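Numbering (our numbering), first residue to last: 142 to 332.
The beta-carbon is built from N, C-alpha and C at its ideal position, and this holds for glycine as well.
These numbers were taken from a predicted model, which means no experiment stands behind them.
Data block below; observations after.
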């Protein structure tokens, strides 16, 4: 009797996993079909918050907004996000059209909290520059401070107010290059 019960359980167990996988796949396809970034992200967020309940029950229908680039979509997403943040006690600003006016793309470049569409920034180092070594902090004319994180060094180069370029690298890294130097270094934004 116990062997029969175990055999039945082992037979039905993969079926329940297949059912959950099919449900996840269909919801992922629904999210992937959404053209607007914010709507698609909202869909994936809802999906990930419900990931633990796939084995117990199928997903409840999500409040998808029609795919397209309309003002109704923007206000619907803002309303949905506002409802979700109110339900969770999050009182952060949820209006889609609003932006933080004190953060231009140049000011937010390199910060983790603010995504940036820039691939590089150009500025110059304030004052005398005599090269770098690991751990050095470099202050730019735009007020940003960057720290050298790799073990490269250039202690032989001296310049006053040299122009620099900080560009995006792989895996959310940034590289600094100084005009007149044939070398660059990994940096991390400090300020």
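A straight-line Cα-Cα distance of about 42 angstroms links residue 264 and residue 169.
In the same chain as residue 274, and ignoring 5 residues on each side of it, the C-beta atoms closer than 6 angstroms to its own belong to 294, in chain order.
In this chain, the beta strand (DSSP E) harbouring residue 306 covers 304–309. For residue 264, the enclosing beta strand (DSSP E) starts and ends at 261–265. Using a Cβ distance threshold of 8 angstroms, residue 289 and residue 331 do not count as a contacting pair. Residue pairing by DSSP places residue 327 opposite 316 in a beta bridge. Taking the CA atoms as reference points, residue 316 sits about 9 angstroms from residue 261. Contact check for residue 276 against residue 297 fails: the beta carbons are separated by 8 angstroms or more. Residue 299 and residue 165 have their C-alpha atoms some 58 angstroms from each other. The three-state secondary structure of residue 247, taken from DSSP, is helix.
A distance below 6 angstroms between beta-carbons, with the five flanking residues on each side excluded, links residue 310 to the following residues of its chain, in chain order: 316.
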